[in-house]
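Let me begin by presenting the structure, written as structure tokens, before commenting on it.
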Amino acid sequence: MKCPFCNQENTRVIDSRPADDNSAIRRRRQCDECGKRFTTYEKVETIPLIVIKKDNNREQYDRKKIEAGVLRACHKRPISAKQISDLVDEAENDIFNQEVREIDSSLIGEIVMDKLKDLDTVAYVRFASVYREFKDVNTFMDEIKKILN
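Read in order, the letters of the sequence shown are residues 45 to 193 in my numbering.
Encoded structure:
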């Protein structure tokens, strides 16, 4: 492992411990050349997942896109960063548990909305308004009525 500070390859592991609910290993390393410490994470490599977009284009799955959408929906809501991270983890687990190589973006959106509905209804409606491309106030009201019933 190369040192990020001096680019030398002489580093050693000084501490290892489980991370991310035992799905990764966190390693503390020290460079033998400059003496600086840094952290690396080791994770199981998963099969690449392809997302089929609404226009039938395909792109590789990117967790950051889900995180960004959820963060926007939860902006100025009483939701902690841990709750958001846990929600994205749960959604990602559901996505990968589909055990497919390609997945429709609509299914990903539905999974995320389902999780948001349980977490915060305002964040859910915000996410749904962008995801479902609400055209007018009536569409917005229809979604709110579904929540209230």
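Ideal Cβ positions, reconstructed from N, Cα and C, are used throughout, including at glycine.
Nearest residue (CA-CA) to residue i, options the options
i	options	result
Ile-152	Asp-186, Asp-164, Asp-133	Asp-133
Lys-98	Ser-150, Ser-67, Ser-124	Ser-150
Asp-65	Asp-162, Thr-84, Asp-130, Asp-138	Asp-130
Gln-104	Ile-94, Asn-137, Ser-60	Ile-94
Leu-163	Lys-126, Ser-67, Val-88, Ile-91	Lys-126
Glu-154	Ile-188, Asn-193, Ile-110	Ile-110
Arg-116	Thr-183, Val-156, Phe-184, Pro-62	Val-156
Ile-123	Lys-189, Ala-167, Gln-142, Val-88	Ala-167
Thr-84	Lys-108, Arg-176, Ala-63	Ala-63
Ile-128	Glu-143, Lys-161, Arg-145	Lys-161
Segment limits, beta strand (DSSP E) that includes residue i
i	result
Glu-146	146–148
Ser-129	Element bounds for Ser-129: not the beta strand (DSSP E) but the alpha helix (DSSP H), 125–140.
Lys-190	First-last for Lys-190: 181–192, but that is the alpha helix (DSSP H), not the beta strand (DSSP E).
Cys-82	Strictly speaking, residue 82 in this sequence is Phe, with Cys absent from that position. Note, Phe-82: beta strand (DSSP E), 81–87.
Local Cβ density within 10 Å of residue i, reported as buried at 16 or more and exposed below that
i	result
Val-40	No answer is possible for residue 40: the residues shown for the chain start at 45 and end at 193.
Phe-171	buried
Leu-192	exposed
Euclidean distance between Cα positions of residue i and residue j
i	j	result
Cys-118	Asn-100	29 Å
Arg-121	Val-169	12 Å
Arg-56	Glu-86	15 Å
Ile-96	Arg-102	5 Å
Ser-60	Cys-75	15 Å
Glu-89	Asn-182	45 Å
Where the alpha helix (DSSP H) through residue i begins and ends
i	result
Asp-59	Careful: Asp-59 lies outside any alpha helix (DSSP H), inside the beta strand (DSSP E) at 55–63.
Ile-110	107–117
Arg-176	Per DSSP, Arg-176 belongs to no alpha helix (DSSP H) and is neither H nor E.
Given 8 Å as the limit, is there contact between the segment 71–87 and the segment 45–55, that is, 3 or more CB pairs closer than that?
-> yes
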